[in-house]
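So the structure is just underneath, and the comments pick up after that.
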Amino acid sequence: MGSKMPGLVSLSYFLGVPFLLVLLGAALLHWRQTPARNKIPRAQKRREKALQQMEALAQRLRQQEPDLDPKPILELPLLTLAQKLQDEELSLESVLCSYLEQGHDSTCGLAQFLEKPAAKDGIIVQILKAQGAIPFVKTNVAQTLFSFDCSNPIYGQTLNPLNLQKTSGGSSGGEGALLAGRGSILGFGTDTGGSIRIPASFCGICGLKPTGFRLSYSGIASAVKGKKSVTTMAGPMALDVESLVLSLKVLLSEDMHQLDPTVPPIPFREEVYFSKRLLRIGYYESDGFTQPSPSMVRAVRLTTGLLQDAGHEVIPFSIPQIEYAMQHLYKGGLNADGGATLLEKLEGDLVDPCMKGTVTLLRLPDLLKCLLARILKHTNPRLSKTLEELRGVGTPKKLWEQHSKVEKYQHEFIAKWRSLDLDVLLAPALDPAFYISYPAKASESMSYMGLYNLLNFPVGVLPVTRVTVEDEKELAFYKGYYGDTFDKNFQEAVRGSTGLPVAVQCIALPWEEELCLRFMKEVETLTKNQKEPKE
Ligand SMILES: CCCCCCCC/C=C\CCCCCCCC(=O)NCC(=O)O
Numbered sequence: 001m002g003s004k005m006p007g008l009v010s011l012s013y014f015l016g017v018p019f020l021l022v023l024l025g026a027a028l029l030h031w032r033q034t035p036a037r038n039k040i041p042r043a044q045k046r047r048e049k050a051l052q053q054m055e056a057l058a059q060r061l062r063q064q065e066p067d068l069d070p071k072p073i074l075e076l077p078l079l080t081l082a083q084k085l086q087d088e089e090l091s092l093e094s095v096l097c098s099y100l101e102q103g104h105d106s107t108c109g110l111a112q113f114l115e116k117p118a119a120k121d122g123i124i125v126q127i128l129k130a131q132g133a134i135p136f137v138k139t140n141v142a143q144t145l146f147s148f149d150c151s152n153p154i155y156g157q158t159l160n161p162l163n164l165q166k167t168s169g170g171s172s173g174g175e176g177a178l179l180a181g182r183g184s185i186l187g188f189g190t191d192t193g194g195s196i197r198i199p200a201s202f203c204g205i206c207g208l209k210p211t212g213f214r215l216s217y218s219g220i221a222s223a224v225k226g227k228k229s230v231t232t233m234a235g236p237m238a239l240d241v242e243s244l245v246l247s248l249k250v251l252l253s254e255d256m257h258q259l260d261p262t263v264p265p266i267p268f269r270e271e272v273y274f275s276k277r278l279l280r281i282g283y284y285e286s287d288g289f290t291q292p293s294p295s296m297v298r299a300v301r302l303t304t305g306l307l308q309d310a311g312h313e314v315i316p317f318s319i320p321q322i323e324y325a326m327q328h329l330y331k332g333g334l335n336a337d338g339g340a341t342l343l344e345k346l347e348g349d350l351v352d353p354c355m356k357g358t359v360t361l362l363r364l365p366d367l368l369k370c371l372l373a374r375i376l377k378h379t380n381p382r383l384s385k386t387l388e389e390l391r392g393v394g395t396p397k398k399l400w401e402q403h404s405k406v407e408k409y410q411h412e413f414i415a416k417w418r419s420l421d422l423d424v425l426l427a428p429a430l431d432p433a434f435y436i437s438y439p440a441k442a443s444e445s446m447s448y449m450g451l452y453n454l455l456n457f458p459v460g461v462l463p464v465t466r467v468t469v470e471d472e473k474e475l476a477f478y479k480g481y482y483g484d485t486f487d488k489n490f491q492e493a494v495r496g497s498t499g500l501p502v503a504v505q506c507i508a509l510p511w512e513e514e515l516c517l518r519f520m521k522e523v524e525t526l527t528k529n530q531k532e533p534k535e
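Going left to right, the sequence shown walks through residues 1 to 535 as full-length UniProt numbering numbers them.
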């Protein structure tokens with residue numbers, strides 16, 4: 001016995017030390033994770049309380065004004081509403097905003113950003129407030145904003161008010177859903193790969209992603225700052241084009257440049273917006289990377305037909321080197337740091353399902369990424385390339401090379417545009433709305449949007465038609481260009497959408513927001529005069 005004891009002691013000693021170390025490690029990890037996660041229930045309680053207060057106010061208003069019908073007010077275009085407010089015919093005070101606002105959190109769906117209220121308003125909020133706007137709500141976004149779904153572990157998933165099985169799109173999907181439900185008249189989002197345009201398209205509203213830095217980006221919360229080859233931009237979302245125009249006119253005042261001198265002093269150029277000159281319009285039905293859904297193609301065909309009938313010239317256009325642009329330049333630019341900044345922001349947090357795929361891949365050791373990329377090279381070339389790009393560019397020299405490749409691509413694209421003497425370009429948007437959780441599974445389809453963040457061109461999105469039964473039938477034959485899981489998931493994502501809105505993208509060259517809006521207005525007028533398609 002006695003002789004066995006030291007052996008047992010030493011065995012338990014040797015077993016115990018690693019065990020204790022593991023235990024200590026787990027405790028440390030737990031200790032590191034706890035603070036960020038702990039804030040989530042408190043945030044949820046705050047939201048619950050705010051909702052109760054809102055309900056109580058609505059109840060009081062209903063009692064005080066039993067005959068009040070808010071519908072005629074909420075259906076007013078922003079321009080008319082602004083006029084009525086100015087004439088004191090109305091005293092409605094509600095303009096939506098999701099940017100840094102004094103005294104409020106801007107979470108980006110991240111626990112780390114909770115309970116850190118902004119010390120002052122962001123520049124866009126300052127200008128809007130100075131012009132009489134009253135922000136009344138901050139809306140939901142995708143965790144980290146690096147997804148085109150709209151879900152996070154704090155506030156949950158935003159649904160599409162037009163079909164509750166579908167997502168509102170993201171990352172600015174709360175704005176999209178609120179506008180589509182007529183809960184607001186103007187909202188703001190940010191766009192690195194379609195986060196203004198995708199919710200607009202999925203929810204049947206309008207959105208504008210301006211050229212980078214035409215509007216101030218100062219005072220906007222973001223999980224990943226510092227990306228240079230893929231531009232993130234702030235922009236408006238609204239129910240019609242006139243509302244986008246009005247918001248841009250207001251924002252492009254003297255104040256914008258005064259408050260943020262990094263923004264060029266270019267006021268809104270009315271003469272461009274109001275010009276009646278006939279346009280030379282390039283168009284494409286497919287970007288050559290993601291086979292479009294049948295309704296995406298029909299939306300472009302319908303719109304080019306109407307534009308041609310109205311006297312404009314339409315010219316076919318094809319995207320140069322799309323695979324290189326999306327796979328290498330876009331993904332490489334977005335993940336130039338190997339995802340380090342994004343992962344840092346998720347430390348100690350719960351990872352939302354909309355981010356799980358990306359985060360799992362980013363967390364793989366580089367060697368494993370490399371190995372998997374090789375294994376998948378022939379069976380799933382898009383995932384293989386993604387894995388390669390997720391390793392990051394490596395060195396500052398490589399980063400500069402990446403930047404200069406993007407510049408070269410931009411100039412090649414512009415040269416092609418110029419060789420055709422185009423004024424603007426018409427393209428499919430990404431739609432119809434995806435089923436919940438599908439944006440992550442069909443992420444490659446964002447090629448239609450991300451390209452213009454890479455190019456840094458202004459782009460507007462507006463609804464032009466609705467999905468028909470015929471579109472749905474045609475979707476059954478969808479194969480995709482790669483026949484991979486992304487293509488299969490895209491087909492599943494857009495199913496069951498009869499009656500849902502379908503949009504187009506109106507694109508102009510950098511700094512030509514006024515021309516972009518003028519084109520959007522033209523498309524809006526022509527398509528609104530159309531008979532609704534049979535469902
Ligand atoms: C099976 C998992 C595949 C994971 C693929 C990960 C690679 C990521 C590549 C493309 C997806 C890019 C999504 C970017 C969305 C950006 C949305 C946006 O505009 N956000 C606004 C903002 O950043 O402010």
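Glycine included, C-beta positions come from ideal geometry on N, C-alpha and C.
Proximity test, residue i beta-carbon vs ligand 1 heavy atom, cut-off 7 angstroms
{"i": "G109", "result": "no"}
{"i": "K345", "result": "no"}
{"i": "S201", "result": "no"}
{"i": "S195", "result": "yes"}
{"i": "M446", "result": "yes"}
{"i": "L361", "result": "yes"}
{"i": "G357", "result": "yes"}
{"i": "D366", "result": "no"}
{"i": "D121", "result": "no"}
{"i": "L215", "result": "no"}
{"i": "T232", "result": "yes"}
{"i": "L334", "result": "yes"}
{"i": "S168", "result": "no"}
{"i": "S293", "result": "no"}
{"i": "T386", "result": "yes"}
{"i": "S443", "result": "yes"}
{"i": "L145", "result": "yes"}
{"i": "S497", "result": "no"}
{"i": "D191", "result": "yes"}
Cβ-based burial, residue i [other Cβ within 10 Å; buried from 16]
{"i": "N152", "result": "buried"}
{"i": "N38", "result": "exposed"}
{"i": "E55", "result": "exposed"}
{"i": "T232", "result": "buried"}
{"i": "W400", "result": "exposed"}
{"i": "L515", "result": "buried"}
{"i": "K521", "result": "buried"}
{"i": "R382", "result": "buried"}
{"i": "C97", "result": "Note that C97 scores a pLDDT of 41, beneath 50, so its modelled location is shaky and nothing firm can be said."}
{"i": "I134", "result": "exposed"}
{"i": "I375", "result": "exposed"}
{"i": "T360", "result": "exposed"}
{"i": "G305", "result": "exposed"}
{"i": "Y324", "result": "exposed"}
{"i": "K276", "result": "exposed"}
{"i": "E166", "result": "Looking at the sequence shown, residue 166 is not Glu but Lys. By the neighbour-count rule (16 or more Cβ atoms within 10 Å), K166 is buried."}
{"i": "I436", "result": "buried"}
{"i": "S229", "result": "buried"}
{"i": "E389", "result": "buried"}
{"i": "V469", "result": "exposed"}
{"i": "R391", "result": "buried"}
{"i": "I315", "result": "exposed"}
Boundaries of the beta strand (DSSP E) in which residue i is found, first to last residue
{"i": "A299", "result": "A299 -> not in any beta strand (DSSP E); alpha helix (DSSP H) instead, spanning 294-309."}
{"i": "M256", "result": "Run containing M256: none in the beta strand (DSSP E); it sits in the alpha helix (DSSP H), 254-259."}
{"i": "Q530", "result": "First-last for Q530: undefined, no H or E at that position."}
{"i": "T190", "result": "186-191"}
{"i": "Y283", "result": "280-283"}
{"i": "N163", "result": "163-167"}
Residue i: first and last residue of the uninterrupted alpha helix (DSSP H) it sits in
{"i": "L362", "result": "353-363"}
{"i": "C203", "result": "197-203"}
{"i": "E175", "result": "173-180"}
{"i": "A130", "result": "123-130"}
{"i": "P381", "result": "381-389"}
{"i": "L376", "result": "366-376"}
Assumed close pair residue i, residue j - CB separation to whole angstroms, cut-off 8 angstroms
{"i": "L248", "j": "C206", "result": "About 12 angstroms separates the two Cβ atoms, so there is no contact after all."}
{"i": "S201", "j": "D431", "result": "5 angstroms"}
{"i": "A442", "j": "N489", "result": "4 angstroms"}
{"i": "A457", "j": "A503", "result": "First, the amino acid is wrong: residue 457 is Phe here, not Ala. Wrong, their Cβ atoms sit about 17 angstroms apart, outside the cutoff."}
{"i": "I123", "j": "G219", "result": "5 angstroms"}
{"i": "L78", "j": "I185", "result": "5 angstroms"}
8 angstroms Cβ cutoff, residue i in contact with chain B
{"i": "V263", "result": "Checking the listed chains, one finds no chain B in this structure; it contains a single protein chain."}
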